[in-house]
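Here's the structure, in structure tokens; my notes come after.
Protein chains: 2
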Amino acid sequence: MKLQRYRHDSPVSYTLGATLTYEMLKEKPELVKRLFIRPSTDRESGIGEILALAAEKGIRIEESEKAFNILSPKGNCYLIGEFEKREERLKPGNHIVLVNPSDAGNMGTIVRTAAGFGFGDIAVIRQAVDFFDPRTIRATMGAAFHMRVEYFDTIEDYIKKFGSNERYAFMLTGSTPLPAAEKREPYSLIFGNEATGLPDRFADFCTAVRINHSGAIDSLNLPMAAGIAMYEFTKNIWNQ
Amino acid sequence: MKLQRYRHDSPVSYTLGATLTYEMLKEKPELVKRLFIRPSTDRESGIGEILALAAEKGIRIEESEKAFNILSPKGNCYLIGEFEKREERLKPGNHIVLVNPSDAGNMGTIVRTAAGFGFGDIAVIRQAVDFFDPRTIRATMGAAFHMRVEYFDTIEDYIKKFGSNERYAFMLTGSTPLPAAEKREPYSLIFGNEATGLPDRFADFCTAVRINHSGAIDSLNLPMAAGIAMYEFTKNIWNQ
Chain W
5 MKLQRYRHDS
15 PVSYTLGATL
25 TYEMLKEKPE
35 LVKRLFIRPS
45 TDRESGIGEI
55 LALAAEKGIR
65 IEESEKAFNI
75 LSPKGNCYLI
85 GEFEKREERL
95 KPGNHIVLVN
105 PSDAGNMGTI
115 VRTAAGFGFG
125 DIAVIRQAVD
135 FFDPRTIRAT
145 MGAAFHMRVE
155 YFDTIEDYIK
165 KFGSNERYAF
175 MLTGSTPLPA
185 AEKREPYSLI
195 FGNEATGLPD
205 RFADFCTAVR
215 INHSGAIDSL
225 NLPMAAGIAM
235 YEFTKNIWNQ
Chain G
5 MKLQRYRHDS
15 PVSYTLGATL
25 TYEMLKEKPE
35 LVKRLFIRPS
45 TDRESGIGEI
55 LALAAEKGIR
65 IEESEKAFNI
75 LSPKGNCYLI
85 GEFEKREERL
95 KPGNHIVLVN
105 PSDAGNMGTI
115 VRTAAGFGFG
125 DIAVIRQAVD
135 FFDPRTIRAT
145 MGAAFHMRVE
155 YFDTIEDYIK
165 KFGSNERYAF
175 MLTGSTPLPA
185 AEKREPYSLI
195 FGNEATGLPD
205 RFADFCTAVR
215 INHSGAIDSL
225 NLPMAAGIAM
235 YEFTKNIWNQ
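Chains as they are written, first to last, in our numbering: chain W, 5 to 244; chain G, 5 to 244.
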């Protein structure tokens, strides 16, 4: 297949770097199409284990300088994985819901933190950054391969499917302070766009929660707010 | 004074952008040396209020394309503030302590979050990223000007000065889960380097605290761990 720079409508995406590629090979080998290795890379030291795992799974390994020039022109990585983009349906249970997230790095950090607190399902409401963008995948540091991520056109489409979840919308104007929110499972923790937050109307169909802080800042940044909420909602599980 | 790209040993640093410069003018006008404005910028719309404030404080405004080429070659900003780097001594009370932080963006995010949870004092143990680096200052989104930041050569130097603070060291191997930690004031919340964390020996002179999470990730990222710890330690203040 012809190689070109990653695009939203491409059927494949890429793991840039050895650690990330290893994580994918362990967790989702069925998605991996091939690996690219930089010519004259020492195949024994460091990446020997990765190449052995790939060989065991019958995955092709191509030496190609060109692949690195196209896919990681500024990077200093020497191993890239190509994988099939396959959107998974969410499972019933507790969900993270991101409404119009716009930054690949932020989304990656949220995916990583969500995996850390035991979440396996993230709903994303469009318009939104591309979960499969190599920059997002890289920012998850491998947690992308532990997560189901499903896109919806509107929040109503999400609610149509998971309407019985208790909904908590995180808003600067929320009436319920985070520690006081009753945690009723299964739940959806809902976060808005980096710059604009959630529209006011979310308070009509969600418990509107705020994370209290001083007036020295306008708001916490999005991954921070999401991480603190996930910590508070799951701490009884992780600290029994 | 001759303009050159920012260096660690420069006596001045820069706020790149209008919002950041405005925050500095409001909070720390005594540090501001001059402002640079891109030639042919409309002085009425948007930045009129900032220029009026600068004029009121007697701060010089220079039109200079060159300043932007030197200080923000890739940026699209049209206002830069030059300020005197003045390290402040910490005040007694609750502190954040960063041991060998290496990333400007992470340090900026931690400063912003700390300001949000009411902290005014951050100790930084060398080797460490430069708080005054324009990239750090920008990542704080203005919170830099609400914070005292003092550098120490070793953790022992810090303890010599603030030995009566209760010390909590955040470590993956910590024996005390965060929610169970007794919060005794005044305290120091201590965080290690992004890649290596804190040395084991910190458990000898601190309460070693861990933030429990699943095995799907190696660790939370540094700003996330710091933000969750600050939330937990201050939530009784912010949610009375």
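All residues carry an ideal CB built from backbone N, CA and C; glycine is no exception.
For clarity, every value in this text was computed on a predicted model and none was experimentally measured.
Below-8 Å beta-carbon distance, residue i vs any chain G residue
| i | result |
| --- | --- |
| F121(W) | yes |
| G196(W) | no |
| I221(W) | yes |
| A184(W) | yes |
| K239(W) | yes |
| L224(W) | yes |
| P181(W) | yes |
| A147(W) | yes |
| Y235(W) | yes |
Close Cβ partners of residue i (< 7 Å) along its chain, the five nearest in sequence each way excluded
| i | result |
| --- | --- |
| I74(W) | L7, Q8 and R9 |
| S223(W) | L176 |
| E67(G) | I41 and P43 |
| R47(G) | L55 |
| I63(G) | V36, R38 and L39 |
| F149(G) | E27, M28, E31 and K32 |
Cβ neighbour criterion (16 or more within 10 Å) applied to residue i
| i | result |
| --- | --- |
| P15(G) | exposed |
| A108(W) | buried |
| S192(W) | buried |
| H12(G) | exposed |
| G231(W) | buried |
| S76(W) | buried |
| D134(W) | buried |
| G112(W) | buried |
| G50(W) | exposed |
| T140(W) | buried |
| G85(W) | buried |
| A199(G) | exposed |
| E236(W) | buried |
| I241(W) | exposed |
| A59(G) | exposed |
Whether residue i touches residue j by CB criterion (8 Å)
| i | j | result |
| --- | --- | --- |
| A119(W) | A147(W) | yes |
| R171(W) | C210(W) | yes |
| T25(G) | L39(G) | yes |
| I129(G) | Y162(G) | yes |
| R90(G) | L35(G) | yes |
| G178(G) | V213(G) | yes |
| P183(W) | N216(G) | no |
| M145(W) | R116(W) | yes |
| A220(G) | L202(G) | no |
| L94(G) | E154(G) | yes |
| L102(W) | F206(W) | no |
Cutoff 8 Å: residue i Cβ touching any chain W Cβ
| i | result |
| --- | --- |
| G231(G) | yes |
| M228(G) | yes |
| R93(G) | no |
| N243(G) | yes |
| R139(G) | no |
| A200(G) | In the sequence under discussion, the amino acid at residue 200(G) is Thr, which differs from the Ala named in the question. It does not: the Cβ of T200(G) has no partner Cβ on chain W nearer than 8 Å. |
Same chain, Cβ closer than 6 Å to residue i, neighbours up to 5 away in sequence not counted
| i | result |
| --- | --- |
| P190(G) | G97, N98 and N169 |
| F121(W) | M234 and T238 |
| N104(W) | Q131, A132 and N197 |
| N110(W) | L226 and P227 |
| K61(W) | P33 |
| I100(W) | A118, F123, I126 and L193 |
| F72(W) | R42 |
| F136(W) | S17 and K89 |
Other residues of its chain near residue i: CB distance less than 8 Å, five sequence neighbours each side excluded
| i | result |
| --- | --- |
| F87(G) | V16, S17, Y18, T19, M28, K32, L35, V36 and K37 |
| E69(W) | R42 and P43 |
CB contact check: residue i to chain B, cutoff 8 Å
| i | result |
| --- | --- |
| C81(W) | Although the question refers to chain B, the structure presented lacks it and instead comprises the protein chains W and G. |
Worksheet item: Name the residues in the segment 208 to 220 of chain W whose C-beta lies less than 8 Å from a C-beta of chain G; which are they?
Response: Residues I215, N216, H217, S218 and A220.
Fill in: Proximal residues, the segment 14 to 37 of chain W versus chain G, C-beta separation under 7 Å
Listed by position, the residues of the segment 14 to 37 of chain W near chain G (Cβ gap below 7 Å) amount to none.
Fill in: Interface positions of the segment 148 to 175 of chain G facing chain W (Cβ-Cβ less than 8 Å), listed along the chain
H150
Item to complete: Taking only beta carbons into account, state which residues of the segment 106 to 118 of chain W come closer than 8 Å to chain G, listed in chain order.
Response: Listed by position along the chain: T113, R116 and T117.
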